[in-house]
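Going line by line, the protein sequences match chains A and H. Positions in the first sequence are counted from 1; adding 4 to them yields this note's numbering. Counting along the second sequence from 1, when you hit position 301 you're at 289 in this note's numbering, and nothing is skipped either side. What follows is a short report on a single structure.
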Amino acid sequence: MPSLSYLLARLLQIIPTFLLVMIFIFLLVRLLPGDPAIAMAEAKATDAQLEQIRHNLGLDQPLPIQFLVFVKNTLTGDLGRSIMLKAPVTEIILDRLPTTIFLALYSVLLAICLAGPLAFLAAARVNSAVDVTIRSVFQVGLSMPVFYIGLVLLTVLAAQMRWFPVGGYGTSFLDNLHHLMLPALSVALYTSAIILRNLRASLIEVLDADYVQFARAKGLSRRIVMTRHVLRNALVSTVTLLGLSIGNLMSGTLVTETVFAVPGVGRLMLEAIFARDYPLIQGLTLTFAVLVSVVFLLTDIVQSWLDPRLRQS
Amino acid sequence: MKRLLPILLGAALGLAAATSALAMERGGAMTFARYDDSTVIDPVYADRNPDLWMVTGLYETLLRNGPDGSIVPGLAEGYDVAADGLSIKLKLRDGLKFSDGSALTGADVVFSLDRARNPELGPWAGLLGAVDKVSADGNQVTLTLKNPDPTIVSILATFNTGIMPKAAFEKAAGANDQEKARAFFEAGPVTSGPFTMKSRMQGSSMTFERNPNYWRPGADGKPLPYLDQVDFVIIPDDATRILKLQAGEVDAAEFIPSARVGELGADPALKMELFPSTRIVYAPINTRETRKDGAKNPLADVKVRQALNYATDKSMLIKLVTFDTGKPMTSLMSAATQLHYGPEPLYPYNPEKAKQLLDEAGLGGGFEVTFTTLAGSADDATLFTALQQMWSPLGVNLKVEQVDNPTRGEKNRSGDFDIHTYGWANDVNDPAQVTGWLGYYKQRQAVGTGWNNAEFNTLFEASNVEVDPAKRKDEYKKMQEIYAEGAPLLFLFETPFAVAVSKSIEGYVQTPLGANDFSEAWRAK
């Protein structure tokens, strides 16, 4: 396992990341044309009413003061009140976040279950009919946008075959496995295509490496050679890729959650941007930053466990 | 014809109601797929359509909008406006109750109306700006006005004056009115309308349950509503919402895109409802002498604006964008609005006349105009492509700019546009709201166009304190004529509310103001 000092160093690196994220997001949302007052009172308010709304929201304060208030509140754990939903941002995010995490983990698990065994199958007989078939099928998955795969799955498996509900969210764990199968699958098809390509290539490379030949020549059993030498080495780059794709997944949920009507933070982010809901956008961005940082940290830990050389640096 | 049409429509509706009433059945539930979730369904704070179109399902108003657009009694048996127009008396029905069984009294009315007209609270307080005092003596409610206001009667039938229970609301947790409103709503509020809220999962679903104490009788003489329950699911994506309906998982889906109306109408299991609406699609034209960047603005010349209107083939646009579900605009307001005046479609397609007007304006050689549209909107994309083709023979070079909704709003507010797409639906059953928004300079610079017509403005101010209905009607006729002539808009079309409903559901209505009315919906067994 990685040492404590390594973990501490990695944790410390997260702090400047957060500061940068806070500054960027604070400025970026305010650079967008239009503001919450306009988005909120879209058609019906007079200019005087807009000024009143801006005043009530504190948007008539100078930017540096707004920023200081934002930083101070954030450090004390107060992310403000959502303008659009009229409720505390922390409360809203905590309500919606589990859904998105559930969906993300579900699709990663599906992707691993799909890509893992097939990569082995393909790598075992390079350029055989099996290999070519697997690769070409997944190539299709890679070249289609996720929302399109989603609509195809919905039309065929839900609306026609009636195997799954058309979008929405369940009420219990098992119910959710059923409801979220299609959104998870449409994301997983894309992720697994990337993992499959990478894992297959590393497997082929490692299978051909001197130390594997040597292990075989030493007379080690096939199982020990595969788990101790081949898999462990081939996984290093795949784990990096998996970590990165979970980061991507967070932005992918914006689309998936809308198409499948899943009430998670991705769809919320989209709505918040259209409403110019500054506090909610800021809160969600920070949440995404925390999630992605945690995933990357976990990726690093797993990697340094797989590859001891990484622990020295 | 204008007078006759509503009567014929009313007769047809009445007949339809009478036939369905014979077979009407009670009980059961229906599931309704919505495009967006409600936030806080509160008469005072509702500021987005998904909120305000649900308010009257939970809170009854003193007066109601009848099916033909007239004002009919609600919680009040009737109303009486004093001859000087300075007070309105209403008598509450006997034995009214809230959903929890407590009595609905004059005190609740005073509380609700005082809350509705408090400018520190919601965005609609201005609608009751003329009210000086609300008082109640037993069942008798009196509104004292600062000045006569012919719109007040309509406002008493508008969602923002829905009657809430004083005692229950004040008991809700929270330091101020907004926090109380949210806590009151989240806990499943005590209501006065046809339904109560049974449960809710934010962003996902909501359930309305029959209010056993609702006052209004149905066709069988027993109190409405017929349904025991209405379940709502939130499906923002159009394609998914329609799939959900086709798979039989829901009984109705709202906001069907025009392109799908034909297909769903042909589905034997569905009825494609196109409810008449007050929704208009139009394009404000910047009428200021100079553009935002200081350059001379060709659109400041009324002849140029009229020319562009003549050069626009509305029936073609209605075919291309609304798949023939729309109607051309005949006035600044929809034909379903009270006091509408518009004997025929405005600016029928006439490219020769357009050419002639441009020559008279000295712009026969052509010019460039930027058209600002919504990014990602299929309707807007069709619209600007068609306009580019219709206008290019005149030498008008149409440049397109695509932005998101708040950006478009900002451009409108700051006058940084030539022409842009926009839409509107009335919230109030009175023409003053749409007329003030589109034409009255002092309110919003005539929907941001900068159009400032002294005669129009004077007429609008006079009509807002006019107690004589005939005179007010005449003022509205004049205003609509002046506005059509001044052409501060590209007049496009009116569109209906398209809702696809399962054949097993009868009686669901989306009103011309957009409200979702489930009070007389029922399920055939």
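The beta carbon of each residue, even a glycine, is placed where N, CA and C say it ideally should be. On a predicted model such as this, the values are computed, not experimentally measured, just so you know.
Checklist line | A/Asn131, buried or exposed, once every other Cβ within 10 Å from all chains shown has been counted against 16 | finding: By 1-based counting over the first sequence, the position of residue 131 of chain A is 127. Answer is exposed; the Cβ neighbour count stays below 16.
Next item on the list: Compile a chain-ordered list of the residues in the segment 76 to 109 of chain A whose CB is closer than 8 Å to at least one CB of chain H.
Entry: For the segment 76 to 109 of chain A, which is checked against every Cβ of chain H, the residues closer than 8 Å are Met88, Leu89, Lys90, Ala91, Ile96, Asp99, Arg100.
Next item on the list: Would you list the one or two residues that DSSP bridges to H/Met554?
Entry: Not covered by the structure: residue 554 of chain H. The range shown for chain H is -11 to 513.
Next item on the list: Could you name the residues of the segment 26 to 52 of chain A whose beta carbon sits closer than 8 Å to any beta carbon of chain H, in the order they occur along the chain?
Entry: If you check each beta-carbon in the segment 26 to 52 of chain A against every beta-carbon of chain H, the ones closer than 8 Å belong to Leu36, Pro37, Gly38, Asp39, Ile42, Ala43, Met44, Ala45, Glu46, Ala47, Lys48, Ala49, Thr50, Asp51.
Next item on the list: Please list the residues of the segment 280 to 296 of chain A that have a C-beta atom closer than 9 Å to any C-beta atom in chain H, keeping them in chain order.
Entry: Shown in chain order are the members of the segment 280 to 296 of chain A whose Cβ falls below 9 Å from a Cβ of chain H: Arg280.
Checklist line | Endpoints, alpha helix (DSSP H) assigned at H/Phe444 | finding: In the second sequence, the residue the question calls residue 444 of chain H occupies position 456. Taken as a continuous stretch (DSSP letters only), the alpha helix (DSSP H) holding H/Phe444 covers 442 to 451.
Item checked: Inter-residue CB distance, H/Gly150 and H/Thr266 (contact presumed, cutoff 8 Å) -> Position 162 of the second sequence, counted from the first residue, corresponds to residue 150 of chain H. Position 278 of the second sequence, counted from the first residue, corresponds to residue 266 of chain H. Contact between H/Gly150 and H/Thr266 is ruled out by a C-beta separation of about 20 Å, above the 8 Å threshold.
Notebook entry, point to check: Does the beta carbon of H/Ser192 come closer than 9 Å to any beta carbon on chain A?
Noted result: Within the second sequence, the letter at position 204 stands for residue 192 of chain H. Yes, its Cβ sits closer than 9 Å to a Cβ of chain A.
Item checked: For H/Trp425, three-class secondary structure by DSSP -> Position 437 of the second sequence, counted from the start, is the residue given in the question as residue 425 of chain H. It is helical.
Margin query: Between H/Met467, H/Lys85, H/Ile244, H/Asp72, which has its C-alpha nearest H/Phe311's C-alpha?
Written below: The residue labelled residue 311 of chain H in the question sits at position 323 within the second sequence. Distance from the Cα of H/Phe311 is smallest, within the candidate group H/Met467, H/Lys85, H/Ile244, H/Asp72, for H/Ile244.
Next item on the list: Taking H/Leu231 as the query, report the chain A residues whose CB atoms sit under 9 Å from its CB, ordered along the chain.
Entry: For the purposes of this step, residue 231 of chain H is taken as the residue at position 243 of the second sequence. Those are Leu155, Leu158, Thr159, Ala162, Ala163, Val170, Gly171, listed as they occur along chain A.
Next item on the list: Determine the closest residue to A/Thr103 out of A/Arg271, A/Phe300, A/Val299, with distance taken between C-alpha atoms.
Entry: Along the first sequence, one-based indexing puts residue 103 of chain A at 99. Closest by alpha carbon: A/Arg271.
Next item on the list: Select from H/Thr437, H/Ser75, H/Thr93 the residue whose C-alpha is nearest the C-alpha of H/Lys121.
Entry: As a first step, residue 121 of chain H is located in the second sequence; it is residue number 133 there, counting from the start. Considering only alpha carbons, the answer is H/Ser75.
Check: Which class does H/Glu469 belong to by DSSP, given the choice of helix, strand or coil?
Finding: Residue numbering aside, residue 469 of chain H sits at position 481 when the second sequence is read from its first letter. Under the three-state reduction of DSSP, H/Glu469 is assigned to helix.
Note to self: Taking 9 Å as the threshold (C-beta atoms), are H/Asp96 and H/Pro153 in contact?
What the structure shows: Residue numbering aside, residue 153 of chain H sits at position 165 when the second sequence is read from its first letter. Residue numbering aside, residue 96 of chain H sits at position 108 when the second sequence is read from its first letter. Yes, Cβ-Cβ distance for H/Pro153 and H/Asp96 is below 9 Å.
Next item on the list: Could you tell me which residues DSSP puts in a beta bridge with H/Gly411?
Entry: By one-based count along the second sequence, residue 411 of chain H stands at place 423. DSSP, once it has assigned bridges, lists H/Val269 as partnering H/Gly411.
Margin query: With a threshold of 8 Å (Cβ to nearest heavy atom), would H/Gly438 be considered close to the ligand GDP?
Written below: Looking at this structure, you won't find the ligand GDP or any other ligand, since it has none at all.
Next item on the list: Use the C-beta contact count for H/Lys315: other C-beta atoms within 10 angstroms, 16 or more gives buried, fewer gives exposed.
Entry: Numbered from 1 along the second sequence, position 327 holds the residue referred to as residue 315 of chain H. Within a 10 Å sphere around the beta-carbon of H/Lys315 sit 16 or more other beta-carbons, which makes this residue buried.
Note to self: I want to see whether chain H comes within less than 9 Å of A/Arg58, judged by CB atoms only; does it?
What the structure shows: Here residue 58 of chain A corresponds to residue number 54 of the first sequence, with the count starting at 1. No, no contact with chain H.
Next item on the list: Please name the residue in H/Ala241, H/Gly250, H/Asp392, H/Met378 whose C-alpha comes closest to that of H/Ala21.
Entry: Counting from 1 along the second sequence, the entry for residue 21 of chain H is found at position 33. When each option's Cα is compared against that of H/Ala21, the closest is H/Ala241.
Checklist line | Best match in A/Val263, A/Arg58, A/Asp135 for proximity to A/Asp281 [C-alpha to C-alpha] | finding: As a working note, residue 281 of chain A is residue 277 in the first sequence. Scanning A/Val263, A/Arg58, A/Asp135 for the CA closest to the CA of A/Asp281 turns up A/Arg58.
Next item on the list: Run the CB neighbour count on H/Leu(-7), radius 10 Å, all protein chains shown included, and call it buried at 16 or more, exposed below.
Entry: Numbered from its first residue, the second sequence carries residue -7 of chain H at position 5. Legend: pLDDT at H/Leu(-7) = 45, less than 50; position of this residue unreliable, no value from coordinates given.
Margin query: Tell me the rounded alpha-carbon separation between A/Ile95 and A/Phe168.
Written below: As a working note, residue 95 of chain A is residue 91 in the first sequence. As a working note, residue 168 of chain A is residue 164 in the first sequence. Looking at the sequence itself, residue 95 of chain A is Glu, so the reference to Ile does not match. In this structure, the alpha-carbon of A/Glu95 lies about 31 Å from that of A/Phe168.
Check: Does the Cβ-Cβ distance between H/Asp520 and H/Val455 come in under 9 Å?
Finding: Outside the displayed range of chain H (-11 to 513) lies residue 520 of chain H, so it cannot be described from this structure.
Margin query: So, with DSSP's three-state summary, where would you put H/Gln326?
Written below: As a position in the second sequence, residue 326 of chain H is number 338, starting the count at 1. Reduced to three states, the DSSP call for H/Gln326 is coil.
Next item on the list: Could you check if H/Asn452 is buried or exposed, using at least 16 other CB atoms within 10 Å of its CB as the buried criterion?
Entry: Taking the second sequence and counting its residues from 1, the one referred to as residue 452 of chain H is at position 464. Classification for H/Asn452: buried.
Item checked: Own chain, CB closer than 7 Å to H/Tyr47, minus 5 neighbours either side, in chain order -> What you label residue 47 of chain H is simply residue 59 of the second sequence in a count that begins at 1. Taking H/Tyr47 as the centre and dropping the five residues before and after it, the same chain places the C-beta of Pro31, Gly150, Ile151, Met152, Thr179, Ser180, Gly181 closer than 7 Å to its C-beta, in chain order.
Item checked: Interface residues of chain A facing H/Thr395 [CB-CB closer than 8 Å] -> As a position in the second sequence, residue 395 of chain H is number 407, starting the count at 1. Those are Leu36, Pro37, Gly38, listed as they occur along chain A.
Item checked: A/Ile305, DSSP secondary structure in three states -> For the purposes of this step, residue 305 of chain A is taken as the residue at position 301 of the first sequence. In this structure, A/Ile305 counts as helix in the three-state DSSP scheme.
Next item on the list: Keeping to the same chain, check which residues put their C-beta closer than 7 Å to that of A/Asn252; ignore five residues upstream and five downstream.
Entry: Reading the first sequence from its first residue, position 248 is the one you call residue 252 of chain A. Apart from the 5 residues on each side of it in sequence, A/Asn252 has no Cβ closer than 7 Å to any other Cβ in its chain.
Check: What are the boundary residues of the alpha helix (DSSP H) that includes H/Asp368?
Finding: In the second sequence, the residue the question calls residue 368 of chain H occupies position 380. For H/Asp368, the uninterrupted alpha helix (DSSP H) run begins and ends at 366 to 379, by DSSP.
Notebook entry, point to check: Hey, is the segment 33 to 41 of chain A in contact with the segment 50 to 70 of chain A, meaning 3+ C-beta pairs nearer than 8 Å?
Noted result: Result yes; three or more Cβ-Cβ pairs closer than 8 Å.
Next item on the list: Give me the Cα-Cα distance between H/Ala512 and H/Glu13, rounded to the nearest whole angstrom.
Entry: Walking along the second sequence from the start, residue 512 of chain H turns up at place 524. Walking along the second sequence from the start, residue 13 of chain H turns up at place 25. If I take the Cα positions, the gap works out to 6 Å.
Note to self: Quick check on A/Leu178: buried or exposed, where buried means 16 or more other Cβ atoms within 10 Å of its Cβ?
What the structure shows: Walking along the first sequence from the start, residue 178 of chain A turns up at place 174. Exposed.
Next item on the list: Could you tell me the distance, in whole angstroms, from the CA atom of H/Ala163 to the CA atom of H/Ala171?
Entry: What you label residue 163 of chain H is simply residue 175 of the second sequence in a count that begins at 1. What you label residue 171 of chain H is simply residue 183 of the second sequence in a count that begins at 1. Going by the C-alpha atoms only, they are around 11 Å apart.
Next item on the list: For H/Ala369, go through chain A and note every residue whose CB falls closer than 7 Å to its CB, in chain order.
Entry: The residue you call residue 369 of chain H lines up with position 381 of the second sequence. By Cβ distance, chain A contributes nothing, its closest Cβ being about 18 Å from H/Ala369, past 7 Å.
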